[in-house]
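Undergrad:
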Amino acid sequence: MRVPAVGAPASGTKSPHIPDADALRAEARRLMEPGGEADFTAARDVLLRALTLESPDHDGKTRHLLGLAFFHLQDWAEAERHLAASLRSAKSPSASALLERAQTNRKTGIERAVDPLPDLRPEELRRPPAGAIRAPETSAEEPPLQRRGSLLIRLAHAVFSRTLGLLTEGAVRAVYALRKRNTTFAFESWDRLGTSLGLLELGGRRRDLNGDKLQSTYVGSLVGHQQPGQRRPAWTERFRTATGAWTTDDPMEGAAGTEIQRSGLPLKDRESRLDAPDLPSPREVSRLILAPHANRPRQEVPFLNLLTIAWIQAQAHDWVSHRPSPVPGARKLALEADDPLRSRYGIGALQVPLSPPNPMKDARPLTYLNEVTHWWDASHIYGSDQETQDRLRCGPDGELRIEGDLLPLNQATGIEDTGFARNWWVGLDLMHTLFVKHHNSVCKRLRQEHKRWTSDEVFHTARLINAAIMAKIQTVEWTPAVLPNRKVVAGMATNWWGLIETWRRPFHKRRLNRRWEPRHHVLGGIAAGSRDNFGKPYGLTEEFAEVYRLHAGIPDEIRMPGQVIPTDATRGAGARSMVREFGMAALLDSFGHQHMPALVNNNYPAFMCEMSVPGQPVVDIGAIDILRARERGVPPYNAFRRMLGLNPIERFEDLGCSAETVAALEKLYGKGDKGLNNLDLLAGTSCELWRPENFGFGETLFTIFIQMASRRLHADPFYTEKLNSRYYTETGMALIGKATFKSVLLEHYPQLARAGLDNVENAFEPWGTSAKERPEEHPLALIEAY
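For what it's worth, my numbering labels the leading residue of the sequence shown as 987, then goes sequentially.
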């Protein structure tokens, strides 16, 4: 870098008009305090002047500050150079830690903009969506119509289903009406009942949540304010589209670029708490409630492995994403005098960009657009726009681009090219690579049996099958692993197969849509049943996005044989380096054995509390998580519970957390009703440790889960009325029926059987032990419904 010209005094004498190096360093510290890019640029120039005045900087002070300035400017190479020079002059723990972070950031390329998704342009979103999708080329071969017996048999089956359905609905209503209402937590009613009655009560709560607690932001109009009378492209009846449009007869229902919906109160009753004067700083909430304790190990879940958190992060990217965009007037979070970020990074505040506003001209306040499809369609693998989907495809047989175990690289970002690559780390790389390979495997099976099909037909059908396998794994494996509670395990099996099939047959013998099964979402299952969006256009909700902030489950490190890799070093380009060095099988093996950190208070990974992201060299993810709920009109903890029909807590002790945590909550929010009513949602759910038996998270999060986990299936025609061989083929239905997460892993990496995967039935449990050796690590083995 060129050093600015400095009018240095002759013969080493000091001019009264030119400050000495100490004064310039003090000026640089003052300039860096506000924390803006222009401030660090000015500080850098001042320090370069100081360096010319005091060369060779014997005590390393100027070099240290220069390294700090370059770090904030995300010039990692220059930061490394100056920090290394400062350490040669004087040893400094803070300079050493900063040097290590600069080196990690350079290797991972974390400063590069990881945002290849197209802009959400209002003029394009208002146009008929058929123009943004490409019709596939199809052969003369059409899917056969399904015939389910004579008219008389079908009529008798409909009457049979209707009768049993009415009886079941009556039982659900009766048990829910008789539930205990005076308990602080609702599970103190349903979890104390037998399995059958507990399931009925949970069914009643789901019914209640799908009523007036399900809101649409598109009141009185088609989704996206589309014009009525559009003709649906015929091919969209058979296949999913790249954008999610035309999944139903409401053209933009669930499509990318439509508004994120609401659970609970309608939009008119929402307000931002961003400027509420009596709330604690999000940074202080993060420090006291989310950040790990300095001298204590993080808590881990005994019955979950690291694949669990990698899986759900990938799935969440399929469902909902607010577009990140630095906004003028980013929120400044002032740092307290004792905040370690002050001394470590020379700043007095954190800069947090606000959520980009809804760009539509007639948008209402507190509405935000989802940049991915709302549907459970594996858009994280395939993309949410036509250009991305086309770019990721290759060859005549419908496959996705991949070479061995390496996904293609996106030249603009330097990391893997896939449907959604933001927040990239090696855990996401594993999930994306595995299911890109599985898509291609399904393509080969389809091509063998449908030789006349076009590449488009193979691709789109393989996508249907691949996404359905993920939906099945999430429903009947991931959720039971995280919530290994008898009622929940039986309930999730009921969602997929139905109550009758679940009770009559063991896990591996259950089938979808047996002919004699009643067509009812409880008795016969939501999957392959009748579609129902409960009178509200389908879309994921802001409340769902908030309760799925599961950053506490991310590990600090990945434990490989003979070495430990900091998770921060596996982000960005570091993910590809990990796959190249260790290979997919070894990484999956490691993730299968290592335990997942627990979703509890004071358990965020330390690196996330001072992390670098594109455009921001220092961020606290915990503080951002707290701020987002306030900004987007998501109510605080007690109000959130009330709007979902749950009772509020009456004191912090009701959460079941430690006395130390209660004292921290009272310090932040205050005592009595004021403190309870100000409690941020994430702070409350993190501290909510009074939970049902074997729950990996608390009741408040679970209540939104009850609503949305079922709705993701129930509102989607491809998981209800179209989940059959006409659309998925006989081959596809067989693949879905046999698929488990374990079987997918073993199909592509059979060597994992010898690595411990054969020890378990559910691949989200720790692989290193069996239920006989460590029953606490395998609670599902004791549950008959699994």
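Don't be surprised by glycine CBs; every beta carbon is placed ideally from N, CA and C.
Classify H1360 as helix, strand or coil using the three-state DSSP reduction.
TA: For this step, residue 1360 is matched to residue 374 along the sequence shown. H1360: coil per DSSP, three-state reduction.
Undergrad: Tell me which residues share the same chain as S1272 and place their Cβ nearer than 7 Å to its Cβ, disregarding the 5 neighbours each side in the sequence.
TA: Position 286 of the sequence shown, counting from 1, holds the residue named residue 1272. Contacts found: C1595, D1606, G1608, A1609, I1612.
Undergrad: Could you compute how far the alpha carbon of S997 sits from the alpha carbon of A1065?
TA: Against the sequence shown, residue 997 aligns to sequence position 11. Against the sequence shown, residue 1065 aligns to sequence position 79. Low per-residue confidence applies at S997: pLDDT is 39, beneath 50, and the placement is therefore not dependable enough to give any value.
Undergrad: Report the rounded CA-to-CA distance for Y1204 versus H1446, giving the unit in angstroms.
TA: Within the sequence shown, the letter at position 218 stands for residue 1204. Within the sequence shown, the letter at position 460 stands for residue 1446. About 30 Å.
Undergrad: So, under 8 Å CB-CB, A1099 and P1600 are touching, yes? Tell me the CB distance rounded to an integer number of Å.
TA: Counting from 1 along the sequence shown, the entry for residue 1099 is found at position 113. Counting from 1 along the sequence shown, the entry for residue 1600 is found at position 614. At roughly 5 Å, the Cβ-Cβ gap stays under 8 Å, so A1099 and P1600 are in contact.
Undergrad: For the stretch 1428 to 1447 against the stretch 1471 to 1480, are there 3 or more C-beta pairs whose distance is under 8 Å?
TA: Judged by Cβ distances under 8 Å, the stretch 1428 to 1447 makes no contact with the stretch 1471 to 1480, as fewer than three pairs qualify.
Undergrad: I1692 and R1178 - do their beta-carbons sit closer together than 8 Å?
TA: As a working mapping, residue 1178 is identified with position 192 in the sequence shown. As a working mapping, residue 1692 is identified with position 706 in the sequence shown. Not closer than 8 Å, so no.
Undergrad: Is the distance from the Cβ of L1073 to the Cβ of A1083 below 8 Å?
TA: Numbered from its first residue, the sequence shown carries residue 1073 at position 87. Numbered from its first residue, the sequence shown carries residue 1083 at position 97. Not a contact, by the Cβ cut-off of 8 Å.
Undergrad: Need the endpoints of the beta strand (DSSP E) that V1550 sits in, please.
TA: Counting from one through the sequence shown, the residue named residue 1550 turns up at place 564. Its beta strand (DSSP E) spans residues 1549 to 1552.
Undergrad: Between the alpha carbons of R1113 and Q1212, how many angstroms are there, rounded?
TA: Translated into positions along the sequence shown, residue 1113 becomes position 127. Translated into positions along the sequence shown, residue 1212 becomes position 226. Using only the alpha carbons, I get a separation of about 8 Å.
Undergrad: Label E1547 either buried or exposed according to how many other C-beta atoms from any shown protein chain fall within 10 Å of its C-beta, with 16 as the threshold for buried.
TA: The residue labelled residue 1547 in the question sits at position 561 within the sequence shown. Looking at the sequence provided, one finds Pro at residue 1547 rather than Glu. That one is exposed.
Undergrad: In this structure, how does DSSP classify P1541 when only helix, strand and coil are distinguished?
TA: Walking along the sequence shown from the start, residue 1541 turns up at place 555. Three-state result, P1541: coil.
Undergrad: From which residue to which residue does the alpha helix (DSSP H) around S1182 run?
TA: Within the sequence shown, numbered from 1, the residue matching residue 1182 stands at position 196. Counting along the chain, the alpha helix (DSSP H) containing S1182 begins and ends at 1181 to 1195.
Undergrad: Could you check the C-alpha separation between P990 and A1028 for me, to the nearest Å?
TA: Residue 990 sits at position 4 when you count from the first residue of the sequence shown. Residue 1028 sits at position 42 when you count from the first residue of the sequence shown. Note that P990 scores 42 on pLDDT, short of 50, meaning its location in the model is unreliable and no value can be drawn from it.
Undergrad: Comparing alpha-carbon positions, which option in G1658, Y1735, E1402 lies nearest L1574?
TA: What you label residue 1574 is simply residue 588 of the sequence shown in a count that begins at 1. Of the candidates G1658, Y1735, E1402, the one whose C-alpha sits nearest the C-alpha of L1574 is Y1735.
Undergrad: Just the Cα atoms here: how many angstroms apart are L947 and S1249?
TA: In the structure as shown, the chain starts at 987 and stops at 1772, and residue 947 therefore has no counterpart that could be examined.
Undergrad: Comparing C-alpha positions only, which one of F1626, W1502, L1651 sits nearest to R1140?
TA: Taking the first residue of the sequence shown as 1, we reach residue 1140 at position 154. Looking at the Cα atoms, W1502 is the closest of the given residues.
Undergrad: Once you ignore the five residues that flank A1300 on each side, which residues in its own chain have a CB closer than 6 Å to its CB?
TA: Within the sequence shown, numbered from 1, the residue matching residue 1300 stands at position 314. The answer, listed in chain order, is H1366, L1414, M1417.
Undergrad: How big is the Cα-Cα spacing for T1149 and T1374?
TA: If you number the sequence shown from 1, residue 1149 lands on position 163. If you number the sequence shown from 1, residue 1374 lands on position 388. Each residue's alpha carbon lies about 47 Å from the other.
Undergrad: Please state the DSSP three-state secondary structure of W1489.
TA: For the purposes of this step, residue 1489 is taken as the residue at position 503 of the sequence shown. W1489 falls in the helix class under three-state DSSP.
Undergrad: Looking at the structure shown, is W1483 part of a helix, part of a strand, or coil, going by DSSP?
TA: Here residue 1483 corresponds to residue number 497 of the sequence shown, with the count starting at 1. Three-state DSSP puts W1483 in a helix.
Undergrad: So, does the CB of E1357 fall closer than 8 Å to a CB anywhere in chain C?
TA: You won't find chain C in this structure, because it holds only one protein chain.
Undergrad: Alpha carbons only, please: which of L1630, G1053, K1047, R1120 is nearest the one belonging to Q1089?
TA: Indexing the sequence shown from 1 puts residue 1089 at position 103. If we check each option's Cα against that of Q1089, G1053 comes out closest.
Undergrad: Which of the three DSSP states is assigned to V1599 in this structure?
TA: In the sequence shown, counting from the first residue as 1, residue 1599 sits at position 613. Note: V1599 maps to strand in three-state DSSP.
Undergrad: What are the start and end residues of the alpha helix (DSSP H) that includes V936?
TA: With the chain covering 987 to 1772 only, the question about residue 936 has no answer from this structure.
Undergrad: Does DSSP put R988 in a helix, in a strand, or in coil?
TA: Start at 1 with the first residue of the sequence shown, and residue 988 comes out as number 2. Note on R988: pLDDT 40, under 50, position unreliable in the model; no value is reported.
Undergrad: Nearest CA to the CA of F1626: which residue from Q1580, E1685, G1656, A1592?
TA: Numbered from 1 along the sequence shown, position 640 holds the residue referred to as residue 1626. Taking only the C-alpha atoms, the option nearest F1626 is E1685.
Undergrad: Going by Cα to Cα distance, which pick from A1514, P1115, D1025, G1243 is closest to P1703?
TA: Residue 1703 sits at position 717 when you count from the first residue of the sequence shown. Cα-wise, what sits closest to P1703 is A1514.
Undergrad: Among G1369, K1347, D1348, which has the Cα closest to the Cα of E1357?
TA: As a first step, residue 1357 must be located in the sequence shown, where it is residue number 371. When only C-alpha atoms are compared, the closest one is G1369.
Undergrad: In angstroms with no decimal places, state the Cα-to-Cα distance between L1034 and P1603.
TA: Along the sequence shown, read from residue 1 onward, the residue named residue 1034 stands at position 48. Along the sequence shown, read from residue 1 onward, the residue named residue 1603 stands at position 617. Approximately 21 Å between the Cα atoms of the pair.
Undergrad: If I measure Cβ to Cβ from T1717 and keep anything under 7 Å in the same chain, skipping five residues before and after, which residues do I get?
TA: For the purposes of this step, residue 1717 is identified with residue 731 of the sequence shown, where counting begins at 1. Cβ within range, chain order: R1431, L1432, E1435.
Undergrad: Does the beta-carbon distance from T1553 to P1583 come in below 8 Å?
TA: Along the sequence shown, one-based indexing puts residue 1553 at 567. Along the sequence shown, one-based indexing puts residue 1583 at 597. Taking 8 Å as the Cβ cut-off, T1553 and P1583 do not qualify as a contacting pair.
Undergrad: Taking its Cβ as the centre, do 16 or more other Cβ atoms sit within 10 Å of K1657, making it buried, or is it exposed?
TA: Taking the sequence shown and counting its residues from 1, the one referred to as residue 1657 is at position 671. Its Cβ having fewer than 16 others within 10 Å, K1657 is exposed.
Undergrad: Between which residues of its own chain and R1049 is the CB-CB distance below 8 Å, once the five residues before and five after are set aside?
TA: Locating residue 1049 in the sequence shown gives position 63, counting from the first residue. Cβ neighbours of R1049 beyond the five flanking positions: L1037, D1043, H1068, L1069, A1071, S1072, S1075.
Undergrad: Three-state secondary structure (DSSP) at P1583?
TA: Position 597 of the sequence shown, counting from 1, holds the residue named residue 1583. In this structure, P1583 counts as strand in the three-state DSSP scheme.
Undergrad: By a C-beta neighbour count over all protein chains shown, 10 Å radius and 16 as the cutoff for buried, is S1125 buried or exposed?
TA: What you label residue 1125 is simply residue 139 of the sequence shown in a count that begins at 1. It is exposed - the Cβ of S1125 has fewer than 16 other Cβ atoms within 10 Å.
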